[in-house]
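K.L.:
Residue 59 in the numbering used here sits at position 42 of the sequence shown, with consecutive numbering throughout.
Ideal Cβ placement from N, Cα and C applies to all residues, glycine included.
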Amino acid sequence: MPSGTLSRWAPVVLWAAVIFSLSAIPSLGTGLGTWDLVLRKLAHLTEYAILGALLFRALRNPPLAVVLGSAYAITDEVHQLFVGGRHGSPVDWLIDTVGVVAGVALAASSARQRAR
18 MPSGTLSRWA
28 PVVLWAAVIF
38 SLSAIPSLGT
48 GLGTWDLVLR
58 KLAHLTEYAI
68 LGALLFRALR
78 NPPLAVVLGS
88 AYAITDEVHQ
98 LFVGGRHGSP
108 VDWLIDTVGV
118 VAGVALAASS
128 ARQRAR
């Protein structure tokens, strides 16, 4: 594997592993009531925005980066169905996908700025 390919894809694989690891933690509640819900949804958005940016960096193809990031989000939600105290949710998948789109958009915009 050429080193360029490794340097582009290793961060994607490592970040996907971080997401998987976080999803494997049972019952991630903070006990903060409504704030718990808000914080967890923001965490979904943020972790998938990072994944989206990394996928864009690896692929340089925004639509494909979004499709792959959203597909990974589906697998993450299915994974959570098998973790005690967690559940897979179409709403969480949607939030994850919005995060991917935001990360891809920010990374693509940054790439365009650097190219000028």
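Here's a check: name, in chain order, each residue in its chain whose Cβ is nearer than 7 Å to the Cβ of His-61, leaving out the five neighbours to either side.
P.N.:
These residues qualify, in order along the chain: Asp-109, Ile-112, Asp-113 and Gly-116.
K.L.:
For the alpha helix (DSSP H) that contains His-104, what are its first and last residues?
P.N.:
Per DSSP, His-104 belongs to no alpha helix (DSSP H) and is neither H nor E.
K.L.:
I'd like to know whether the C-beta atoms of Ala-75 and Arg-25 end up nearer to each other than 8 Å.
P.N.:
Yes.
K.L.:
Can you check which of these residues, Asn-78, Leu-39 and Ile-67, is closest to Arg-57 by C-alpha distance?
P.N.:
Among Asn-78, Leu-39 and Ile-67, the Cα nearest to that of Arg-57 belongs to Leu-39.
K.L.:
Quick one: measure Cβ to Cβ for Leu-85 and Leu-72, integer angstroms, because I've assumed they're closer than 8 Å.
P.N.:
Between Leu-72 and Leu-85 the Cβ distance is about 6 Å, and since that is below 8 Å, they are a contact.
K.L.:
Looking only at its own chain, which residues have a Cβ that is under 8 Å from the Cβ of His-104, when we skip the five neighbours before and after it?
P.N.:
Gln-97 and Leu-98.
K.L.:
Looking at Val-35 and Val-83, is the spacing between their C-beta atoms short of 8 Å?
P.N.:
No. Outside cutoff.
K.L.:
Going by beta carbon distance, what residues of the same chain come within less than 8 Å of Ala-66, once the five residues before and after it are set aside?
P.N.:
Taken in chain order, the residues that qualify are Gly-116, Val-117, Ala-119, Gly-120 and Leu-123.
K.L.:
Assuming contact is defined by CB atoms lying nearer than 8 Å, are Ala-41 and Val-100 in contact in what I supplied?
P.N.:
Yes.
K.L.:
Just checking my contact of Ala-27 with Leu-68 at CB under 8 Å: how many whole Å lie between their CB atoms?
P.N.:
Not really, about 14 Å apart at Cβ, beyond 8 Å.
K.L.:
Pick helix, strand or coil for Pro-43, following the three-state DSSP scheme.
P.N.:
Coil.
K.L.:
Extract the residue ranges of the alpha helix (DSSP H) inside the stretch 53-129, only unbroken runs of 4 or more that lie entirely within it.
P.N.:
If we require 4 residues or more, the alpha helix (DSSP H) runs fully inside the stretch 53-129 come out as 79-97.
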